[in-house]
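Those protein sequence lines, which keep their order, are chains H and C.
Per our numbering, residue 1111 is the first one in the first sequence, and the count goes up by one each step.
Per our numbering, residue -2 is the first one in the second sequence, and the count goes up by one each step.
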Amino acid sequence: MENTVEFRNITKYFPGVKALDHVSFFARSGEVLAFLGENGAGKSTLLKTLNGDYQPDEGEYLINGKAAHFQNPHEAIEAGISVIYQERQILMELSVAENIYLGRMPVNKLGVINTRKANEMAAAIIRDFGLPIHPTEKVKDLSIAYQQMVEIMKAYSRENLKVICFDEPTASLSDSEIDSLFKVIRKLKSEGKIIIYVSHRMQEIREITDKVAIFKDGCYVDTVVTGEVSEAELIKMMVGRDIGDIYDALDRSKEIGEVLLEVKHISSNYVDDVSFTLHKGEVLGFSGLVGAGRTETMRAIIGADKMISGEVYLEGKKIVSHSPHDAMQNGIVLVPEDRKTQGILGNLSVADNINIALLDQHSDKLGILRKSEEVRDAAKGIEDFRIKTPSPDKKIMELSGGNQQKCVVARWMGTDPKVLILDEPTKGIDVGAKSEFYHMICEFAKKGLGVILISSELPEVIGLSDRIIVMRSRKISGEVMRKDATEPKLLALGMMDSDLIEEKED
Amino acid sequence: MEKDKTKLRKLIGGDKLILIAAIVVVFALFTTLNKNFLSTTNLVNILVAASLVGLVAIGHTYLIIAGQNDLSPGSLAAFSGVLAALLVSKGVNFFAALVITIIAGALVGILNALMVNKIHLEAFIATLVTQSVIRGFAYIICGGKPIAISNKTFITIGKLRMAGIPFSVWIMLAAIAISGFILAKTKFGRSIYAIGGNRDAARLAGLNPERIVITSFVMMGIMCAIGGTIFAARMNSGQPAANVNLEFDAITAVILGGVSFTGGVGSMGGTILGVILIQAFNTGLTMVNVPSFWQYVAKGLLLLFALSSDFLRKKNREKKLLEASKKNG
């Protein structure tokens, strides 16, 4: 049986944003169609429109040529449209069969549930799928992969299943589990279902999908046949620019100047005897395992943690920072690792977040803030760092992660620092915003700032740094120049060796 | 016109319609039950009674937005009244006595802040300590007996009226205007919101949370000292047993006014409305002869109402954020 889904000019607005902009395309039976796009490109919104969670503001969608208007996900499921989300939508305390037939368990004339029949029916589907699970098992006793399978079987058990959508289905699956998921997807495909597959993983897209529909900023870009277009090309279509060789494209034509920062033998409760130098115009990478003391070294330098011993020299002069405020006045600032709990002030606006480090500059002797200066500097930060916000007065929590992070960077750059420390600045940020950050980092270095970049992503730290310091259990374990830096080398320096482990246990 | 509306909205903090509606309901209800409720004399009485709660509520607005709290104002206000009366009775000039009392109040604020900053006590518990200790000293310095006030200046403070409105009310209005300005327009005000929202992030952003906490507690101490002294002037005596549960009314007023118990959110405009509401409520209960035992029950329920509306406002904010981030995510 041939199934089709057609979107015609679907447009969906959210306050201040066009989430979907006249999206039109067509999907048919026997195809696995990938949705590809950055975070916020509209993939999830489109899925939620198809399954009745959202109502489109304009346009319509047709199932098998007939216009459909689902008011809620329940109606969509009844009509044979299912979405499998990352978070499980099943009841842990119930059995496999009870979950598959939830709300439509077979009953006898008196309305009493016939569990035996349900189990038999479920067993048939399980056999069909070739899975080693039993209908009477409780779902909570299954692995995450099998729980997902139960959800798929629940959708499959409906005679009229036409479309099944997977939203990042492999996020928590192992390789072998992914294989069995793909087996099931191929089976669904051979039975004429339409499969929509949302994922960021190129390798999977290559392996399982037949076509790729690309989305950008709420617009549908194009559909291409998988394999006919190179990965770099796909990414270019998705972000609207070439980031295939993102690190090579960076402007690194700068001069590394004289010594800017000298850290001598500092120790805190979390790090031991750390020494390094940073030059003007240099990007100094810090690599190592999480917990090796990279963040803690920086916290000691800016006075967030107490420095027990050691000295810090900036431009040859000894400086002392008892608090982040002192460090800021000395010209050393930190964009912290955890944006939500340490970076942004969630209850304040975008403007207030940018200006919070400039309160001294913006106020007179009595502490009264000069509104005009605040407005001016907030506008400048928003413009300089291309922060996407409907207004400076919007709560910062309403922005995307990348834009929140830009606000924190704007905050510190507004203080005109000499040393900028970035702790995992691109964590949880989508590809497009990442490349913007990379360009920013290079620009800062070019301006003569000393930049310290802590990153657990090896390609990032190798691609951006002029020199890389590796830390291992509270100490510096090595230093590598850019030209010698390879992933295995950094990993080797960053891994604990046996005598250090023993030392730690002492 | 449109702009005026947004300005007004900003001034009272946006979502205050329910609060204004509640005030209208309370006034309408008590007026129906006793038509004297809306008389000028009674309205002035409400304002006078509100003046002490108002001053303390200013302090609570600062502290609760900053993520702190204070249970000692009742004790401190009583102590301040007794101290001022005692000093004056020993021949100290009234204004000198007032200054000394204010310094004492500020010191109690510092003590509260030290317990919070240095031994990391929750403000709720730390100020429970001072609540008891300061009440003790209120009795100790006067030997347990109220101190009558005979100093003319002191008595005048309690009786003085300007434009028909008692001096204590003017003091409260001035204090609200000044502290509202500080909260909305100054570095210190902004810092209070920042540390109340996220203390760690605020510190990493270069603020000094400990100093902001000290300043907030000191302001509360000063408010209690001024309020307690004026209260004593009105009563013509410093009474060590006075002002019990003062903080209860003030906290209820502040939460009613839209300050979030979890910190980081609120405005002085909301606090004014909250103070008016709670004082109208308290006065009304007495006027329609609700037995005092039942008044406790009613006040408790009003606090429950305030906390519930705080909860709902928080839900609402989260929902709005979710909506907004949905569109970005």
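Ideal Cβ placement from N, Cα and C applies to all residues, glycine included.
Taking a beta-carbon distance threshold of 7 Å, C:Asn205 counts as an interface residue toward chain H. Taking 3 residues as the shortest admissible run, the stretch 1317 to 1342 of chain H contains the following complete beta strand (DSSP E) segments, listed from N- to C-terminal end: 1321 to 1326 and 1329 to 1335. A straight line joining the alpha-carbon of H:Ile1506 with that of C:Ser176 spans about 26 Å.
For H:Arg1296, the secondary structure class from DSSP, reduced to helix, strand or coil, is helix. The beta carbon of C:Ala46 lies closer than 8 Å to those of Gln276, Asn279 and Thr280 in the same chain, with the five residues before and after it left out.
For H:Glu1269, the closest of H:Thr1333, H:Glu1188, H:Ile1288 and H:Cys1329 by C-alpha to C-alpha distance is H:Glu1188. The residue from H:Ile1564, H:Ile1120 and H:Leu1509 with its alpha-carbon nearest to that of H:Gly1403 is H:Ile1564.
Taking the CA atoms as reference points, H:Leu1283 sits about 10 Å from H:Asp1289. Contact check for C:Phe258 and C:Ile61: beta-carbon distance about 7 Å, within the 8 Å limit, so the pair qualifies. Burial is judged here by how many other beta carbons sit within 10 angstroms of a residue's own beta carbon; H:Met1202 has fewer than 16 and is exposed. Its Cα nearest to that of H:Ala1595, the residue H:Phe1396 stands out among H:Ala1437, H:Phe1396, H:Ile1306 and H:Ala1178. The beta-carbon distance between H:Glu1247 and H:Val1206, rounded to whole angstroms, is 5 Å. This is short enough to meet the 8 Å contact definition. Setting aside the 5 residues that flank it on each side, H:Glu1483 is surrounded in the same chain by His1472, each with a C-beta closer than 6 Å to its C-beta; the list follows chain order.
The straight-line gap separating the alpha-carbon atoms of H:Lys1556 and C:Leu318 is approximately 38 Å. For the stretch 282 to 299 of chain C, the set of residues with a beta-carbon nearer than 7 Å to any beta-carbon of chain H is empty.
Around the beta-carbon of H:Pro1446, 16 or more other beta-carbon atoms lie within 10 Å, marking it buried. Those residues of the stretch 1437 to 1457 of chain H placed with their C-beta closer than 7 Å to a C-beta in chain C are Met1438, Leu1444, Pro1446, Thr1451, Gln1452, Gly1453, Ile1454, Leu1455, Gly1456 and Asn1457, ordered along the chain. DSSP, read as helix, strand or coil, puts H:Val1142 in strand. Excluding its 5 nearest sequence neighbours in each direction, H:Gly1169 has C-beta neighbours in its own chain below 8 Å: Phe1117, Arg1118, Asn1119, Ile1120, Thr1121, His1132, Val1133 and Ser1134, listed in chain order.
Between H:Gly1511 and H:Ile1539, the CB-CB gap stays under 7 Å. With respect to the 7 Å criterion, C:Pro237 and C:Ala94 are not classified as neighbours on the basis of their beta carbons.
In the three-state DSSP reduction, C:Asn286 falls in the coil class, being neither helix nor strand. For C:Ile97 and C:Ala171, the gap between their C-alpha atoms comes out near 21 Å. Looking at the DSSP output, H:Val1373 sits in a beta bridge with H:Phe1386 and H:Val1422. The Cβ atoms of H:Gln1257 and H:Arg1214 lie no closer than 7 Å to each other. Within the same chain, Pro206 come within 6 Å of C:Arg200 by CB-CB distance, once the 5 residues on both sides are set aside. Straight-line measurement puts the Cα of H:Leu1130 at about 42 Å from the Cα of H:Gly1558. Between H:Ala1520 and chain C, the shortest Cβ-Cβ separation is not below 7 Å. Where H:Met1581 is concerned, the enclosing beta strand (DSSP E) starts and stops at Arg1577 to Arg1582.
Per DSSP, reduced to three states, the secondary structure at H:Ser1205 is strand.
Annotation: H:Ile1173 is outside any alpha helix (DSSP H); the continuous beta strand (DSSP E) that includes it extends over Glu1168 to Ile1173. For the stretch 189 to 200 of chain C, the residues whose beta carbon sits under 7 Å from a beta carbon of chain H are, in order, Tyr190, Ala191, Gly194, Asn195, Asp197, Ala198, Ala199 and Arg200.
Interface with chain C (7 Å Cβ-Cβ cutoff): H:Ala1467 is included. Proximity of chain H to C:Leu318 at the Cβ level (cut-off 9 Å) is accounted for by Gly1456, Lys1505, Met1507 and Glu1508, in chain order. Burial check for H:Glu1208: the Cβ neighbour count within 10 Å reaches 16 or more, so the residue is buried. For H:Ile1194, DSSP records a beta bridge to H:Phe1276.
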